[in-house]
């Protein structure tokens with residue numbers, strides 16, 4: 332199991348996903364909980380909170396991700412993957428979205444599974460100017 336394809340192979344062994352992602356991690360939304368993230372995550376989260384009046388909606392997340400200069404379709408895919416259906420997204424959801432954006436910027440698959448697989452060597456998202464995020 333040398334790459335992400337092995338993890339996502341539906342015809343592979345039934346325990347491939349969990350085994351490759353590490354003990355107890357799997358591909359869950361908690362995959363970044365114990366990972367030390369770079370400062371851009373806090374900067375972007377603070378700007379998004381301020382922009383959203385204290386909460387982060389899908390719209391606020393989308394506007395934050397526009398600073399990544401990814402195609403709209405990719406941003407939409409990331410927002411849908413990060414969204415849990417609640418009125419507001421948590422910091423965990425927001426961090427997952429930024430990690431997916433960072434992967435997409437490096438031409439990797441922007442999925443929660445990819446984040447879990449690369450959690451120890453995630454690229455840093457490039458979000459130049461995100462601190463200027465404002466309400467609209």
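Numbering (this note's numbering), first residue to last: 332 to 467.
Using N, Cα and C, we set each Cβ at its ideal position, and we do this for glycine too.
{"query": "Got a sec? Which residues, its chain only, sit under 7 Å from residue 458 by beta carbon, not counting five neighbours each side?", "result": "371, 375, 398, 399"}
{"query": "Helix, strand or coil for residue 451, going by three-state DSSP, please let me know.", "result": "coil"}
{"query": "Can you check whether the CB of residue 454 is closer than 7 Å to the CB of residue 433?", "result": "yes"}
{"query": "So, under 8 Å CB-CB, residue 446 and residue 427 are touching, yes? Tell me the CB distance rounded to an integer number of Å.", "result": "6 Å"}
{"query": "Less than 7 Å between the beta carbons of residue 443 and residue 412, yes or no?", "result": "yes"}
{"query": "Pick helix, strand or coil for residue 401, following the three-state DSSP scheme.", "result": "coil"}
{"query": "Ignore the nearest five residues each way along the sequence and tell me which others in residue 461's own chain have a CB closer than 7 Å to its CB.", "result": "374, 375, 378, 395, 398"}
{"query": "Going by DSSP, which residues form a beta bridge with residue 387?", "result": "420"}
{"query": "Taking the alpha carbon of residue 360 as the point to measure from, which residue in 382, 380, 414 has its own alpha carbon closest?", "result": "414"}
{"query": "Over what stretch of residues does the alpha helix (DSSP H) that includes residue 381 continue unbroken?", "result": "370-382"}
{"query": "Below 8 Å on the Cβ atoms is my contact criterion, and I expect residue 441 with residue 405 to pass it. Report the Cβ-Cβ distance as a whole number of Å.", "result": "6 Å"}
{"query": "Please return the same chain residues whose Cβ sits closer than 7 Å to the Cβ of residue 429, not counting the five positions on each side in sequence.", "result": "372, 375, 456"}
{"query": "With a threshold of 16 other CB atoms inside 10 Å of the CB of residue 424, please say whether the residue is buried or exposed.", "result": "buried"}
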